[in-house]
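Visitor: Quick one: this structure, given as structure tokens, is what I'll be asking you about.
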Amino acid sequence: MSGSASLEPHAKEQPPGPPEHAPDPWLWSLAIPALFALLASIRLTTPSSPFFDEVHYLPAARDLVTLIEGSGGAYANREHPLLGKELIALGIYLFGDNPLGWRIMPLIAGTVAIGAGMRALWQASHDRFATIAFGVLLVTGFHLFVHARIAMLDIFMAAFLMLAAWQFAAACRAPETGRWRLALTGIAIGAALASKWNAVPLAMAFGLTFFAARLSAGRRRLLLSRRGVPVPGISLVEATVWLGIVPLAVYALTFLPGYWLGTAFHASPLAQSGLIALHVEMLDLQQQVLTPHTYQSTWPQWVMNTRGIWYLYEFTDGAQRGVLLIGNPLTMVLGLPAMAWCLVIGLYRGAEPESWAKLAVVVGYGVSLGLWLIAPKPVQFYYHYVMPSVFLLAALALSLSDLRRAGHTWIANGVLASSAAMFAVFFKILSAAPLDGPMSFADWTWIAGWR
Numbered sequence: 096m097s098g099s100a101s102l103e104p105h106a107k108e109q110p111p112g113p114p115e116h117a118p119d120p121w122l123w124s125l126a127i128p129a130l131f132a133l134l135a136s137i138r139l140t141t142p143s144s145p146f147f148d149e150v151h152y153l154p155a156a157r158d159l160v161t162l163i164e165g166s167g168g169a170y171a172n173r174e175h176p177l178l179g180k181e182l183i184a185l186g187i188y189l190f191g192d193n194p195l196g197w198r199i200m201p202l203i204a205g206t207v208a209i210g211a212g213m214r215a216l217w218q219a220s221h222d223r224f225a226t227i228a229f230g231v232l233l234v235t236g237f238h239l240f241v242h243a244r245i246a247m248l249d250i251f252m253a254a255f256l257m258l259a260a261w262q263f264a265a266a267c268r269a270p271e272t273g274r275w276r277l278a279l280t281g282i283a284i285g286a287a288l289a290s291k292w293n294a295v296p297l298a299m300a301f302g303l304t305f306f307a308a309r310l311s312a313g314r315r316r317l318l319l320s321r322r323g324v325p326v327p328g329i330s331l332v333e334a335t336v337w338l339g340i341v342p343l344a345v346y347a348l349t350f351l352p353g354y355w356l357g358t359a360f361h362a363s364p365l366a367q368s369g370l371i372a373l374h375v376e377m378l379d380l381q382q383q384v385l386t387p388h389t390y391q392s393t394w395p396q397w398v399m400n401t402r403g404i405w406y407l408y409e410f411t412d413g414a415q416r417g418v419l420l421i422g423n424p425l426t427m428v429l430g431l432p433a434m435a436w437c438l439v440i441g442l443y444r445g446a447e448p449e450s451w452a453k454l455a456v457v458v459g460y461g462v463s464l465g466l467w468l469i470a471p472k473p474v475q476f477y478y479h480y481v482m483p484s485v486f487l488l489a490a491l492a493l494s495l496s497d498l499r500r501a502g503h504t505w506i507a508n509g510v511l512a513s514s515a516a517m518f519a520v521f522f523k524i525l526s527a528a529p530l531d532g533p534m535s536f537a538d539w540t541w542i543a544g545w546r
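Residue numbering for the sequence shown follows our numbering, starting at 96 and increasing by one per position.
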């Protein structure tokens, strides 16, 4: 019919589909930690004798091994909690009192820290590129690599804090799993505290975050209401159990072996005086005035990456070898403007869920670094920057993802490639490789503070 409307029915408009979500990079969260474990295992048993602070922690771990074997041992290194030394002792018990036994558990803890950190950022942001970039930055960031290869306590603290962050972020992301994930958060917090007291401010941050979020929800029954962020279905009272009581219980339980540590002449201080009296002694030991040390430093030097520590520099195992703790010279600098970017964007777009991850890394950095602005510890060292550096790299990963979304993919990928290249340049003095001679350190000490 000429001039008439078409008899073909108009196609019905299709309703918009659900928003697309980036696929979970879970495979990357396995592959990148596996690569880290492979790299960190190179020369893991070199040097073959204890170096740096291993001389403090290995005797304490050996006393715990003798306790496992039924002969008892002295309570050494009282100024630190027991869990980190218990884990080192487990490695010695399983693999022998040798370099592999000393360092296998730190290697496992470092690998866990990489994977848990990636999962935490994924659950907090659901940003696939940022999650993968964070893994690359952590592997090539120097801090975790060095501490995964030495029998010290910091890597255990870092691993448990990252596990706590992962489970807390997942509880907020999927409230239907909130109860058991908050329980795991509490266990991990307690284990972090039981590894090293440096975890205290971040351990408190989880419960305070839950309280602040629930308070902002404006619930009339603040303590008992199960509605509102951050984890609907969990009341503030219940959250106090998981994030307050459970960590303290786990922390206390890790001291149980200490009740049997002692000799005929020096009984266990726990058995003699109890847990509270021991902690008074631990606090006194932490606050004692130490002799000034060649490698002591202050927090502004940590932030600017201008003061390193030579964990090892000597002729050993047939060659001149060194292990230098500094941060990756590229990413430690780029992380500072990235942190400022996360702060600005997080505050500007605070109502958007994707901005919460940015604010979280800013708060984490400020809390973990802020401890050392007020800590009554007179002599401080660059290894206290381990946790702030993790948050710094998380801020850089999130900022690189923003650059990529803005069309600057080549910059984002270039930073990751450059970070890996810098790691390769320094690999010899991160992994105790043979050096050319006693003056080889000059090849990497680009500024005076790294000497």
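Note that CB positions come from ideal geometry on N, CA and C, so glycine has one too.
Where F131 and L356 are concerned, what is the direct C-alpha to C-alpha distance, given to the nearest angstrom?
Guide: Rounded to the nearest angstrom, the two C-alpha atoms are 36 Å apart.
Visitor: Could you tell me the distance, in whole angstroms, from the CA atom of V160 to the CA atom of A184?
Guide: Going from the Cα of V160 to the Cα of A184 covers about 6 Å.
Visitor: Out of I227, A253 and P128, state which residue places its alpha-carbon closest to the alpha-carbon of H479.
Guide: Comparing Cα positions, the closest option is A253.
Visitor: I'd like the list of long-range same chain contacts for G179, defined as Cβ closer than 6 Å, with 5 residues on each side in sequence excluded.
Guide: The answer, listed in chain order, is L248, F251 and S290.
Visitor: Have a look at P473 and V398 and give me their C-alpha separation to the nearest angstrom.
Guide: So the alpha carbons of these two residues sit roughly 18 Å apart.
Visitor: Out of E164, G323, T141 and E174, state which residue places its alpha-carbon closest to the alpha-carbon of L380.
Guide: Closest by alpha carbon: E174.
Visitor: Assuming contact is defined by CB atoms lying nearer than 8 Å, are R268 and Q218 in contact in what I supplied?
Guide: The answer is yes: Cβ separation under 8 Å.
Visitor: On a Cα-Cα basis, can you pick out the residue from P352, A287, F476 and S535 that is closest to Y390?
Guide: That would be F476, whose Cα lies nearest to the Cα of Y390.
Visitor: Would you decide whether S143 is buried or exposed? Buried here means 16 or more other CB atoms lie within 10 Å of its CB.
Guide: So S143 ends up on the exposed side.
Visitor: Which of helix, strand or coil does DSSP assign to V324?
Guide: If DSSP states are grouped into helix, strand and coil, V324 belongs with coil.
Visitor: At the level of alpha carbons, what is the spacing between G339 and G461?
Guide: Near 21 Å, if we compare the C-alpha coordinates of G461 and G339.
Visitor: In three-state terms, what does DSSP make of Y354?
Guide: In the structure shown, Y354 sits in a helix (DSSP, three-state: H, G or I).
Visitor: Check this for me: beta carbons of V332 and L318, under 8 Å apart or not?
Guide: Yes.
Visitor: Tell me, which residues are paired with A414 by DSSP?
Guide: According to DSSP, A414 bridges with T411.
Visitor: Note down, in chain order, each residue of its chain lying with its Cβ closer than 6 Å to the Cβ of F263, except the 5 sequence neighbours on either side.
Guide: T280 and F301.
Visitor: Express the C-alpha separation of L133 and A243 in angstroms, rounding to a whole number.
Guide: Cα-Cα distance, rounded: 12 Å.
Visitor: With burial defined as no fewer than 16 other Cβ atoms inside 10 Å of the residue's Cβ, what is the status of A266: buried or exposed?
Guide: With 16 or more other Cβ atoms within 10 Å, it is buried.
Visitor: Inspect the beta-carbon positions of H221 and G422 and report whether they are closer than 8 Å.
Guide: Taking 8 Å as the Cβ cut-off, H221 and G422 do not qualify as a contacting pair.
Visitor: Looking at the secondary structure, which residues open and close the alpha helix (DSSP H) in which Y188 lies?
Guide: Element bounds for Y188: L178 to F190.
Visitor: May I ask you to list the residues that DSSP assigns as paired with W405?
Guide: In DSSP, W405 forms a bridge with L419.
Visitor: Counting only runs of 4+ residues fully inside the stretch 247–295, write out the alpha helix (DSSP H) ranges in chain order.
Guide: Complete alpha helix (DSSP H) runs here, min 4: 249–268 and 273–290.
Visitor: Assuming A278 contacts A287 (C-beta within less than 8 Å), just tell me the rounded distance between them.
Guide: Contact doesn't hold; Cβ gap of about 15 Å is too wide.
Visitor: Three or more C-beta pairs closer than 8 Å, one from the stretch 488–495 and one from the stretch 401–416: is that the case here?
Guide: The stretch 488–495 is not in contact with the stretch 401–416.
Visitor: Have a look at Y443, V428 and A228 and flag the residue whose alpha-carbon is nearest the alpha-carbon of W123.
Guide: Here the closest residue by C-alpha is A228.
Visitor: Let me know the secondary structure DSSP gives L195 once reduced to three states.
Guide: Helix, per DSSP.
Visitor: Quick one: Cα of L556 to Cα of P128, how far?
Guide: With the chain covering 96 to 546 only, the question about residue 556 has no answer from this structure.
Visitor: Considering only DSSP beta bridges, list what L530 is partnered with.
Guide: BP columns for L530 point to Q415.
Visitor: When DSSP labels each residue in this structure, what does W541 get in the three-state scheme?
Guide: Residue state, collapsed to three classes: coil.
Visitor: How would you label D497, buried or exposed, when you count the other beta carbons within 10 angstroms and need 16 or more for buried?
Guide: Flag for D497 reads buried.
Visitor: By the DSSP assignment, the alpha helix (DSSP H) with I227 in it spans what residues?
Guide: Residues R223 to V234.
Visitor: Is the CB-CB distance between L153 and P145 below 8 Å?
Guide: Contact flag set, yes.
Visitor: Any idea what DSSP makes of A100, helix, strand or coil?
Guide: Only weak support exists for where A100 lies, its pLDDT of 46 falling under 50; the value from the coordinates is given anyway. A100: coil per DSSP, three-state reduction.
Visitor: Would you mind sorting T504 into buried or exposed? The rule is 16 or more other CB atoms within 10 Å of its CB.
Guide: By the 10 Å Cβ count, T504 comes out exposed.
Visitor: Might you give, ordered along the chain, the residues of its own chain that have their beta carbon closer than 7 Å to the beta carbon of M434, omitting 5 neighbours on each side?
Guide: Within the same chain, M434 has close Cβ partners V457, Y460, L487 and A490.
Visitor: Decide if G369 is buried, meaning its Cβ has at least 16 other Cβ atoms within 10 Å, or exposed.
Guide: The residue in question, G369, is exposed, as its Cβ has fewer than 16 Cβ neighbours within 10 Å.
Visitor: Among E164, T141 and R223, which one has its Cα closest to the Cα of R499?
Guide: When each option's Cα is compared against that of R499, the closest is R223.
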